[in-house]
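A.B. asks:
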Amino acid sequence: MIRVLLVDDQPLLRSGFRALLDAEDDIEVVAEAANGKEGLALAREHLPDLALVDISMPVMDGIETTREVAADPVLAQMHVVILTNYGLDENVFNALRAGAAGFLVKDIVPEDLLHAVRVAARGDALLAPSITKMLINRYVAQPLGTEAGTGLDELTNREREAVVLVAQGLSNEEIADSMVISPLTAKTHINRAMHKLQARDRAQLVVLAYESGLVSPRSR
Numbered sequence: 011m012i013r014v015l016l017v018d019d020q021p022l023l024r025s026g027f028r029a030l031l032d033a034e035d036d037i038e039v040v041a042e043a044a045n046g047k048e049g050l051a052l053a054r055e056h057l058p059d060l061a062l063v064d065i066s067m068p069v070m071d072g073i074e075t076t077r078e079v080a081a082d083p084v085l086a087q088m089h090v091v092i093l094t095n096y097g098l099d100e101n102v103f104n105a106l107r108a109g110a111a112g113f114l115v116k117d118i119v120p121e122d123l124l125h126a127v128r129v130a131a132r133g134d135a136l137l138a139p140s141i142t143k144m145l146i147n148r149y150v151a152q153p154l155g156t157e158a159g160t161g162l163d164e165l166t167n168r169e170r171e172a173v174v175l176v177a178q179g180l181s182n183e184e185i186a187d188s189m190v191i192s193p194l195t196a197k198t199h200i201n202r203a204m205h206k207l208q209a210r211d212r213a214q215l216v217v218l219a220y221e222s223g224l225v226s227p228r229s230r
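So for the sequence shown, our numbering puts the first residue at 11; every next one is plus one.
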């Protein structure tokens, strides 16, 4: 059972998402909150697998909420997916840098929402190739910091190759095809790279790959 926390200041949206999610046999909404501060308290109480968090809320917004989640060992197993009205913008990228597993636009169709919840709950990033390319082109031309570079030298050649392919938006199956290995081996390379680079999830791995210079941003 996937346990979900809804954090949004719009009651109508929360009720709509709850009705949709609770109708599924493998998904349960365990709590709702109207801002990030309430959401954090409920997250620590219920320990959900996934939190759908609005990027813009009173009291505490989605970016700060994500930072708090990432810094709390009690919530280490909870994935944060950011909800936004506006699609990709700089705030979304800041949320990804803070530790979000991905983002969804609020007018998402029901089938895509259900798929996204299942994808994020198992630890995969919600970054379609088209979204990854926009991130690359618009927001990831950042200088390499000393902390970001730590761990790169520890990667094997195959792990580096896997990280580059993750940063290009490929799925485990596509990475396996490209590297001519099994999907399980591809996942192993990715997980080992995440551990060595201290990336919380695939979304942070994508950001780190570009910030570190392992992959170069394309020109806009």
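Just so it is clear, CB atoms sit at the ideal spot from N, CA and C, and this is done for glycine as well.
What residues in its chain sit with their C-beta under 8 Å from that of residue 10, if we drop five residues either side in the sequence?
C.D. replies: This structure gives no information on residue 10, because the portion of the chain shown stretches from 11 to 230.
A.B. asks: Could you tell me which residues DSSP pairs with residue 38 in its beta bridges?
C.D. replies: DSSP lists 13 as partners of residue 38.
A.B. asks: When you compare each of 187, 164 and 213 to residue 202 by their alpha carbons, which one comes out closest?
C.D. replies: 164
A.B. asks: From the DSSP output, which residues share a beta bridge with residue 43?
C.D. replies: 17
A.B. asks: DSSP state of residue 211, grouped into three classes?
C.D. replies: Coil at residue 211, not helix or strand.
A.B. asks: Comparing alpha-carbon positions, which option in 225, 20 and 39 lies nearest residue 12?
C.D. replies: 39
A.B. asks: Taking 7 Å as the cut-off, is the beta-carbon of residue 37 closer than that to any non-hydrogen atom of the ligand GTP?
C.D. replies: Within the structure as shown, the ligand GTP is missing, as the structure has no ligands at all.
A.B. asks: Leaving out the 5 sequence neighbours to the left and right, which residues in its chain are closer than 8 Å to residue 65 when beta-carbon positions are compared?
C.D. replies: 71, 72, 73, 92, 93, 94, 101, 102, 105 and 113
A.B. asks: Among 208, 215, 212 and 195, whose alpha-carbon lies nearest the alpha-carbon of residue 81?
C.D. replies: Minimum Cα distance to residue 81 is reached at 208.
A.B. asks: Whose C-alpha, out of 181, 189, 180 and 179, is nearest the C-alpha of residue 167?
C.D. replies: 189
A.B. asks: When the Cα atoms are used, what is the spatial distance from residue 180 to residue 224?
C.D. replies: Per the coordinates, the alpha-carbon of residue 180 lies some 16 Å from the alpha-carbon of residue 224.
A.B. asks: Taking 8 Å as the threshold (C-beta atoms), are residue 172 and residue 219 in contact?
C.D. replies: no
A.B. asks: Determine the burial state of residue 120: buried for a count of at least 16 other Cβ atoms within 10 Å of its Cβ, exposed for fewer.
C.D. replies: exposed
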